[in-house]
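Beneath this line is the structure, given in C-alpha cells, with notes to follow.
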Amino acid sequence: MSEQEIGKDSIKEAVRQRYARAIERPSPSCCGPAPSQPVQVKSSCCGPAATETMKGSLVKSAGYEEEELGRLPADAVQNSFGCGNPLAYAGVTPGQVVLDIGSGAGIDCLIAADKVGPTGRVIGLDMTPEMIERGRQNTREAGVTNVEFRLGDAEKMPVADASVDWVISNCVINLSPDKPAVFREIARVLKPGGRISISDIVAEELPAAIRESRDAWTGCLAGAISEAAYVRGLEAAGLREVRATSRLVYDAGQLQGLFGDSACGITPGACGDGAALAREATGKIWSARFEGVKPYPASTASEVVVELAQMEDLPAIRALLADADLPADVEPHLADFLVAHHAGRGVGCVGMEVRGSDALFRSLVVTPAYRGLGLGRRLYETLAAHARTRGVARAYLLTTTIESLAEAWGFRRIDRAQLPAAIQETSEFRGGYCASAVAMWRDLRKAANVASCCG
Ligand SMILES: C[S@@+](CC[C@H](N)C(=O)[O-])C[C@H]1O[C@@H](n2cnc3c(N)ncnc32)[C@H](O)[C@@H]1O
C-alpha cells in the first residue's frame, strides 16, 4: 500500500486518533526522550521503546538537560512523544516568536517559553484537540503566560505570513501525508532571516512490511523520508543552508522494542517477526535534526550599508568569523575591515592585511540569510576601492569555498609558492590557515571582470 493507496485524509485521521488515544492513557511516554525523573516508560510511538536501562542515555542523546526537564510539569515530560530536542543549541533568544508544529502536550513550547522570556511568544500548533487541551493544562500548571495553543493542520497553518522567528518541531512532519505543503507553510510563516530547528525520524529503503503498514505510519515510521529528501523539500520551499546537524541512529535492540510492541507499533501479524524486521531495518531509521534559514528577498540589498568597521563593530565581526570558522584575529587589522549592516546588525564583513603594495584579502563572511543578494561581491569591490586609497596594487586571497565567485570578481588562481614573501608572512598564512586553500590574486589597477555576478 503506498501513501496514495492508504489515502491522505485517512492517514491524518488515523494519526489524530492515535495521538488522542495516546494522550488519554495515563503516562504513556510514548515516543522519544525518556524523562529525567523516574517515571514509567512503557512503549514507543515515534521512537524506540525506552526500557529502564535506556532512559538515561536517551535523555542525554536527545539533548534535553535534566535540569530544564525538572522545571516542567511532570505531565508535559511524561507525555513527550518526540525523537530529539529541537531547542538544543538552537540559539533562540529573548523577545523572539517561536512556532512549534505538532506541539503535543507542550514540552518544547514550555522550554521555548523560558528562552524567549516575557517579551517573546510561543505558538503551539496541533491538529489533535486532546493534545491542544493537554498543552493548555500543562502551560497553566507551569504558570507560563507567553504560550498559546492553536488547533490546526501543519499543511495549512493558522499563522500569519512572515510572523515567526523560529519554527521548531519534534517528530511530527514524518506523520504528514503532504510534506511539500508543510515545507511551504514553514517558509511562508517564517520572517526573512527566521530559522528552523526540526527533529524528525528519517529513513532509507525501509522494508516493505513497514512502508505498507498504517500502524507504522502513525507510529512515525512508514511516512519517514530520507535525509536528502527532507533537505531537498525544505530547499524547494525556499529555505537556504538546510542541513542535518545531528543524528541519533537506532540500533536493532531499540528498533525491536518498537516492532515487538503490538500495542504501539507495528502489528506483529502484519509485519512478521519483530526481531528479524529490526535487524533488516537497522541503520535505515534514525532521528535527525534539521537547520535552515529563510533568506531575505533581493530588495533587501539596497537597505544594506557597507562601511569601514569601527571599534564597536568588533564583537559582531568576531561573531561572524566564529560562525564561519574563520580566524578571529581582527583587532590589529580593524582599520582595514569593512562591515555590512542591516537593521542595526552586522550581516557581513571582509578585511585585509596590507604589506606595501600587496594585500591579503581575508575574512569574507555573509550571514546565511543574506546570501544571494550580491553582498560578497559588494564587500570585495568596496574593499578593493579602500585598498587603492591605501596604495595597494595587488590583492591576494586564500579560499576553500569561493573560488568560482572570486573568479567572477576578477581573481585568478596562483601557485602558493609564487605568492610574495610578505603575503606569506601575514597572520593568516603564519597561522597555517587551511593548507588545502586555493591561492588567487587580482591586479587592482585593472577593473574587475564582474559582468555577471552573484554571491
Ligand atoms: C509524535 S507526536 C509529537 C508531539 C510533540 N512534538 C512532542 O515532542 O512530544 C506528534 C504530534 O503531532 C501532531 N500532528 C501530527 N500530524 C499533524 C499535522 N499534519 N498537523 C498538525 N499536527 C499534527 C499529533 O497530533 C501529535 O500531537
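Per this note's numbering, residue 7 is the first one in the sequence shown, and the count goes up by one each step. Glycine included, every Cβ here is placed at the ideal spot set by N, Cα and C.
S16, enclosing alpha helix (DSSP H) - first and last residue:
Numbered from 1 along the sequence shown, position 10 holds the residue referred to as residue 16. Its alpha helix (DSSP H) spans residues K14 to E30.
Keeping to the same chain, check which residues put their C-beta closer than 6 Å to that of R253; ignore five residues upstream and five downstream.
Here residue 253 refers to the residue found at position 247 of the sequence shown. The answer, listed in chain order, is W292 and A294.
How would you call T99, buried or exposed, if buried means at least 16 neighbouring beta carbons within 10 angstroms?
What you label residue 99 is simply residue 93 of the sequence shown in a count that begins at 1. Flag for T99 reads exposed.
Distance cut-off 7 Å: S542 Cβ against heavy atoms of ligand 1
What the structure shows of the chain is the stretch from 7 to 461, and residue 542 is not part of that stretch, so it cannot be assessed.
In the DSSP assignment, find the beta strand (DSSP E) that holds S433 and state where it starts and stops.
Stepping through the sequence shown from its first residue, residue 433 is reached at position 427. Run containing S433: none in the beta strand (DSSP E); it sits in the alpha helix (DSSP H), S433 to R436.
Could you give the residue range of the alpha helix (DSSP H) that holds P321?
Here residue 321 is taken as the residue at index 315 of the sequence shown, counted from 1. Looking at the DSSP string, the run of the alpha helix (DSSP H) that includes P321 is L320 to D329.
Does F296 come out as helix, strand or coil in the three-state DSSP assignment?
By 1-based counting over the sequence shown, the position of residue 296 is 290. Reduced to three states, the DSSP call for F296 is strand.
Just checking my contact of I207 with V173 at CB under 8 Å: how many whole Å lie between their CB atoms?
Position 201 of the sequence shown, counted from the start, is the residue given in the question as residue 207. Position 167 of the sequence shown, counted from the start, is the residue given in the question as residue 173. With 8 Å as the limit, I207 and V173 do not qualify as a contact, their Cβ atoms being about 18 Å apart.
Which two residues bound the contiguous alpha helix (DSSP H) that contains K121?
Position 115 of the sequence shown, counting from 1, holds the residue named residue 121. K121 -> alpha helix (DSSP H) spans I113 to V122.
What separation, rounded to the nearest whole angstrom, lies between the Cα atoms of L327 and C226?
Within the sequence shown, residue 327 is the residue found at index 321, counting from 1. Within the sequence shown, residue 226 is the residue found at index 220, counting from 1. About 39 Å.
Whose C-alpha, out of Y256, G229, L212 and R246, is nearest the C-alpha of L181?
By 1-based counting over the sequence shown, the position of residue 181 is 175. That would be G229, whose Cα lies nearest to the Cα of L181.
Can you tell me whether P44 is buried or exposed? The criterion is at least 16 other CB atoms within 10 Å of its CB, across all chains shown.
On the sequence shown, residue 44 is found 38 positions in, with the first residue counted as 1. Note that P44 scores 27 on pLDDT, short of 50, meaning its location in the model is unreliable; the coordinates nonetheless yield the value given after this. Per the 10 Å Cβ criterion, exposed.
Check: T134 C-beta below 7 Å from any heavy atom of ligand 1
Against the sequence shown, residue 134 aligns to sequence position 128. Yes, Cβ of T134 sits closer than 7 Å to a heavy atom of ligand 1.
What's the C-alpha gap between Y25 and D221?
What you label residue 25 is simply residue 19 of the sequence shown in a count that begins at 1. What you label residue 221 is simply residue 215 of the sequence shown in a count that begins at 1. Per the coordinates, the alpha-carbon of Y25 lies some 12 Å from the alpha-carbon of D221.
Using 8 Å as the cut-off, can you tell me whether the stretch 366-383 makes contact with the stretch 305-322, which would need three or more C-beta pairs spanning the two stretches below that distance?
Yes: at least three Cβ pairs fall under 8 Å.
Same chain, Cβ closer than 8 Å to R418, neighbours up to 5 away in sequence not counted
Position 412 of the sequence shown, counting from 1, holds the residue named residue 418. Cβ within range, chain order: M446, W447 and R448.
Could you check what DSSP says for S205 in three-state terms: helix, strand or coil?
Here residue 205 is taken as the residue at index 199 of the sequence shown, counted from 1. Here S205 sits in strand by DSSP.
Tell me which same chain residues have a C-beta within less than 8 Å of the C-beta of G101, skipping the five on either side of it?
Numbered from 1 along the sequence shown, position 95 holds the residue referred to as residue 101. So the list reads V122, G123, T125 and G126, once near-sequence residues are dropped.
Of the residues D120, C115 and A166, which one's Cα is nearest the Cα of F155?
Reading the sequence shown from its first residue, position 149 is the one you call residue 155. Comparing Cα-Cα distances from F155 to each of D120, C115 and A166, the minimum goes to C115.
Within 7 Å: the Cβ of A111 and any heavy atom of ligand 1?
To locate residue 111, count along the sequence shown from 1; it is residue 105. Yes.
Can you tell me where the alpha helix (DSSP H) with G239 in it begins and where it stops?
Walking along the sequence shown from the start, residue 239 turns up at place 233. For G239, the enclosing alpha helix (DSSP H) begins and ends at E233 to A242.
Runs of beta strand (DSSP E) lying entirely within the stretch 399-433, each at least 3 residues, in chain order:
Qualifying beta strand (DSSP E) stretches, in chain order: 400-405.
Quick check on the DSSP output: the beta strand (DSSP E) that includes L157 runs from which residue to which?
Along the sequence shown, read from residue 1 onward, the residue named residue 157 stands at position 151. Boundaries of the beta strand (DSSP E) around L157: V153 to L157.
How far does the alpha helix (DSSP H) with R394 in it extend, from its first residue to its last?
Within the sequence shown, residue 394 is the residue found at index 388, counting from 1. Counting along the chain, the unbroken alpha helix (DSSP H) around R394 starts and ends at L381 to T395.
Let's test the definition: count the other Cβ atoms within 10 Å of the Cβ of Q424 and tell me whether it reaches 16, buried, or not, exposed.
Within the sequence shown, residue 424 is the residue found at index 418, counting from 1. By the neighbour-count rule (16 or more Cβ atoms within 10 Å), Q424 is not buried but exposed.
Work out the CA separation of A284 and E211 for me, nearest whole Å.
Locating residue 211 in the sequence shown gives position 205, counting from the first residue. Locating residue 284 in the sequence shown gives position 278, counting from the first residue. Put simply, the backbone Cα of E211 is about 13 Å away from that of A284.
Label A390 either buried or exposed according to how many other C-beta atoms from any shown protein chain fall within 10 Å of its C-beta, with 16 as the threshold for buried.
In the sequence shown, the residue the question calls residue 390 occupies position 384. Around the CB of A390, 16 or more other CB atoms lie within 10 Å, so the residue is classed as buried.
Using CA coordinates, which residue listed in R436, V371, F343 and R142 is at the minimum distance from R392?
Your numbering for residue 392 matches position 386 in the sequence shown. Note that residue 392 is His in the sequence shown, not Arg. Considering only alpha carbons, the answer is F343.
Should S433 be listed as close to ligand 1, given that the test is whether its C-beta is under 7 Å from any heavy atom?
In the sequence shown, counting from the first residue as 1, residue 433 sits at position 427. No, the beta carbon of S433 sits no closer than 7 Å to any heavy atom of ligand 1.
With G362 as the anchor, note down where its alpha helix (DSSP H) starts and where it stops.
Working through the sequence shown from its first residue, we reach residue 362 at position 356. Note, G362: premise wrong, no alpha helix (DSSP H); not H, not E.
Please state whether the Cβ-Cβ distance between F189 and L240 is less than 8 Å.
Stepping through the sequence shown from its first residue, residue 189 is reached at position 183. Stepping through the sequence shown from its first residue, residue 240 is reached at position 234. With contacts defined by Cβ atoms closer than 8 Å, F189 and L240 form a contacting pair.
Is L181 near ligand 1, judged by its Cβ being under 7 Å from some heavy atom?
In the sequence shown, counting from the first residue as 1, residue 181 sits at position 175. At least one heavy atom of ligand 1 is found less than 7 Å from the C-beta of L181.
Just mark D267 as buried or exposed, buried being the case when its beta carbon has 16 or more other beta carbons within 10 Å.
The residue given as residue 267 occupies position 261 in the sequence shown. Bear in mind that the predicted position of D267 carries a pLDDT of just 48, short of 50, making it unreliable; the figure below should be weighed with that in mind. By the 10 Å Cβ count, D267 comes out buried.
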